[in-house]
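Note sheet for the following structure.
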Amino acid sequence: MNYLKLILATTLVLPFVVARADLNVFACEPEWAALAAEIGAENVTTYSATTALQDPHYIQARPSLIAKVRRADIVICSGAQLEIGWLPLLLQKANNRKILPGTEGYVEASSLVKRIDTTTNVDRARGDIHPMGNPHVQTNPRNISVIATELTARMMKLDVANAPAYQTNYNSFARRWSEAIERWEQQALPLKNKRAITHHNSWVYLARWLGIEVVANLEEIPGVPPTAGHLSTLVNRFDTNSVDFIIRSPYQDVRASKWLAERTGITAIELPLTVGGTTDATNLFTFFDAIIERLLAASNDLE
């Protein structure tokens, strides 16, 4: 009799165990996958469509990505047309109504914060222009604070059973993140009013946060590789007395920044644009640790 009761109890409990499923989070970029993991922990499964060594402008809408989007409960992307070349096709092919724009399952990170460099002048001759604003909002940790709040709210709505866990995880993350921001801003005080040349216009949020002035880009036209003529112009305009560092991302060709550094004496550095961009940028916290440390080292202000 006891044996039969055990079987019956197991049979009644098993469906509830099997039915419990994680939230599937499809992130367009690694920073949003990392953020979802911070908040969701063991209750979410995250996937990033891109790596830190890929330019998120240019990704193929592969069948494997379509399959991931089809199973997703949440899609979180930078937006501002950063993924316009591939995300709309993924959403169309996946035929998943839960994660279409306008639903609780679709999170456009950049729309949640104040975008920089919005424009109504949409001229493709000007290169890779984002009329809705610069999409690289992840380079200011204060933006991530805002986005984390909204992402948590969406998770709690879509997975009510685990809402208390998401709230607890968010509270922990928000506290640690606030403490980290205070530390980063204190460490970065020597960077205020430093001047930088960047490969692409990827660092405007970081620059505004830290008080760094971006004086030029290696790309004369956004999204078009640096030309010899433009680099020669930069040689004539800048030297070590007028610029503190040249910044590029890991997926960008090193040759242009190296060429300019050799001819001007300006220090060229590689900064992670997202989690995984350098070996030490393994999560959101070490992502900003790596950025601050490398900038300070390049400007000779590392203690």
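Heads up, this note's numbering is the position in the sequence shown plus 8, with the first residue counted as 1. Where is the CB? At the ideal position from N, CA and C, for every residue including glycine. Just so you know, these numbers come straight off a predicted model, no measurement behind them.
Item	Value
Using 10 angstroms around the beta-carbon of Ala-305, count the other beta-carbons present and answer buried if the total reaches 16, otherwise exposed.	exposed
Could you pull the start and end residues of the beta strand (DSSP E) that Phe-295 belongs to?	It is not in any beta strand (DSSP E) - Phe-295 instead sits in the alpha helix (DSSP H) that spans 292–306.
Might you give, ordered along the chain, the residues of its own chain that have their beta carbon closer than 6 Å to the beta carbon of Leu-218, omitting 5 neighbours on each side?	Ala-196 and Leu-199
Could you check what DSSP says for Phe-181 in three-state terms: helix, strand or coil?	helix
For the beta strand (DSSP E) containing Tyr-114, name the first residue and the last one.	114–116
Name the one or two DSSP bridge partners that Ala-224 has.	Ile-205
Nearest to Ser-86 by CA position, among Lys-76, Leu-159 and Gly-48, is which residue?	Leu-159
By Cβ distance below 6 Å, which residues in the same chain neighbour Phe-34 in space, the five residues on each side in sequence not counted?	Tyr-55, Lys-76, Val-77, Ala-80 and Val-83
What does the alpha-carbon distance come out to for the pair Leu-292 and Leu-43?	7 Å
On a CA-only basis, which of Thr-275, Pro-234, Val-243 and Arg-245 is nearest Arg-263? Give me that one, please.	Pro-234
Got a sec? Which residues, its chain only, sit under 8 Å from Arg-216 by beta carbon, not counting five neighbours each side?	Ile-124 and Asn-148
Helix, strand or coil: which one does DSSP assign to Ser-56?	strand
Are Ala-88 and Asn-142 touching if we call contact CB-CB under 8 Å?	yes
Excluding the 5 residues flanking Trp-94 on each side, which residues of the same chain have their C-beta closer than 6 Å to its C-beta?	Ile-67 and Ala-69
The beta strand (DSSP E) with Ile-277 in it runs from where to where?	275–278
State the start and end residues of the unbroken beta strand (DSSP E) segment that holds Leu-45.	Here the sequence assigns Ala to residue 45, which means Leu is not the residue at that position. Looking at the DSSP string, Ala-45 is not in any beta strand (DSSP E); the run it does join, the alpha helix (DSSP H), is 38–48.
According to the Cβ coordinates, are Ile-205 and Ala-236 closer than 8 Å?	no
Do you know offhand how far Ser-210's Cα is from Asn-308's?	23 Å
Would you call the stretch 112–120 and the stretch 167–182 in contact, with 3 or more CB pairs under 8 Å?	no
If we ignore side chains and look at the alpha-carbon of each, how far apart do Ile-254 and Leu-239 end up?	12 Å
Could you pull the start and end residues of the alpha helix (DSSP H) that Ile-67 belongs to?	Counting along the chain, Ile-67 falls outside any alpha helix (DSSP H), and DSSP gives it neither H nor E.
In terms of residue numbering, what span does the alpha helix (DSSP H) encompassing Asn-151 cover?	149–166
Would Thr-58 pass as a contact of Pro-38 if the rule is Cβ separation under 8 Å?	yes
Kindly indicate which three-state DSSP category Tyr-11 falls into: helix, strand or coil?	Caution is warranted here: a pLDDT of 40 is assigned to Tyr-11, below 50, making its placement in the model unreliable, and no coordinate value can be reported.
Give the list of continuous alpha helix (DSSP H) stretches no shorter than 4 residues that lie fully inside the stretch 83–126.	95–102
Confirm, please, whether the CB-CB distance from Ile-74 to Ala-41 is below 8 Å.	no
Using alpha carbons as the reference points, say which of Ser-153, Leu-99, Glu-91 and Pro-96 lies closest to Thr-120.	For clarity, residue 120 is Leu in the given sequence; the question names Thr instead. When only C-alpha atoms are compared, the closest one is Ser-153.
Helix, strand or coil: which one does DSSP assign to Ile-254?	strand
Roughly how far, in whole angstroms, is the beta-carbon of Glu-46 from the beta-carbon of Pro-64, given that I think they are within contact range, below 8 Å?	About 20 Å; that fails the 8 Å criterion.
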